[in-house]
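FYI, the numbering for the sequence shown is 3 to 262, going by the numbering used here. Note that the Cβ used here is the ideal one computed from N, Cα and C, for glycine as well. In this text, all values refer to a predicted model and were calculated from it rather than measured experimentally. Here the structure comes first, spelled out in structure tokens, and everything after it is commentary.
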Amino acid sequence: MFVGFVENQSRKKPEPNEDPASSLFIFWTGLSLILGFGFFLLPFGAFFPLSISVWVILVFFLPVLFLGIVLSKRTGLKILLAVFLSLLAGGNSVLFLGDSIGYGLGITSKMDVLPEEVSDNLNYRYLYLRDFYLDDTDAGEFRSPLLVRRRSGGSVYGPIIRFQYKRIRSVTGKDIKPLLYAICYSKEDSKCHLSSLFSGGVVLQDPIWDGEEFPLAKDSVFIVWRGSLDSEFFTKGIFSVLFFIFLILVWALVVYFPTW
């Protein structure tokens, strides 16, 4: 028995079933990734501590990256730049815009808190007090390397920082538990001042100094003593919105002006 194989020399490579994606489709797809990821992370910037928000960015960015890889089969590799821009948009939402919105709406800030009520309001990032005074007799300073972050195998430290503190007391004479301190910090060759004109600032949830050399009780509550942050957060909100506009313009340039 003889079997013959006939090869068709005129056989051509099959044509793709789908036409290349239009520039308009690529633009709106990338814009959806950028704005969608940025707005999705806004509540995390407004409600959650920074340490949690950073992990949220990394965890939720993985599905966005996978989606970008899938979309690149139709839109081309340009969409991967949109994925990168969406990461920048997410960081902007968590670190700046979300923080600004949380402060402005009172989600992360609380005003006119009595010193004896601070322990019930430690879920706020920013606290401002009333009916208090700074006790100059219970004050001091210490030097310690700035604690950048902790690792399982040890800690990472920054430069030596000079910390100053004064105990915060209630004008009514009520005991404050745990102990409450106003604190400021600066480089070792300079000195900060705890102004009696201020009334609060940033609540320290995690220590930023080496606990082995810390002279006070570890369960004490510290407030980084600062003035009103209204203007600072307003400026932060404006610039974070402008940064979103900048990301959109960059994406539009990449899509509609590829030769640059």
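Here the alpha carbons of V226 and K168 stand approximately 11 Å from one another.
As the crow flies, the alpha-carbon of L35 is around 48 Å from that of I178. For K112, the CB contacts under 8 Å within the same chain, skipping 5 residues up- and downstream, are N123, Y126, Y128, L129 and Y130 in chain order.
Under DSSP, G142 shares a beta bridge with Y167. When secondary structure is reduced to three states using DSSP, Y258 falls in the helix class. Listed in chain order, the non-local C-beta contacts of L43 below 6 Å within the same chain comprise G92, S95 and V96, local neighbours out to five positions each way being set aside. Straight across, the Cα-Cα distance linking S88 with Y105 is about 24 Å. Collapsing the DSSP output to three states places I81 in a helix.
Comparing alpha-carbon positions, the option among T174, L182, R145 and S222 lying closest to S188 turns out to be R145. Note on R171: 16 or more other CB atoms within 10 angstroms of its CB, so buried under the neighbour-count rule. In the three-state reduction of the DSSP assignment, L33 falls in the helix class. Inter-residue distance for L64 and L73 is about 14 Å (C-alpha atoms, whole angstroms).
Around A23, the same chain offers R76 and T77 as residues with beta carbons nearer than 6 Å, after the five sequence neighbours per side are excluded.
Secondary structure note for I210: it is in no alpha helix (DSSP H), with a DSSP letter that is neither H nor E. When secondary structure is reduced to three states using DSSP, D177 falls in the coil class, being assigned neither helix nor strand. In the three-state DSSP reduction, F50 falls in the coil class, being neither helix nor strand. A direct Cα-Cα distance of roughly 32 Å separates C194 from V243. Between the alpha carbons of F62 and G175 lies a gap of roughly 49 Å. The alpha-carbon separation between L136 and P180 amounts to approximately 16 Å. Boundaries of the beta strand (DSSP E) harbouring S188: L182 to K189, taken from the DSSP string.
Judged by their CB atoms, W57 and L149 are not nearer to each other than the 8 Å cut-off. For D221, the secondary structure class from DSSP, reduced to helix, strand or coil, is coil.
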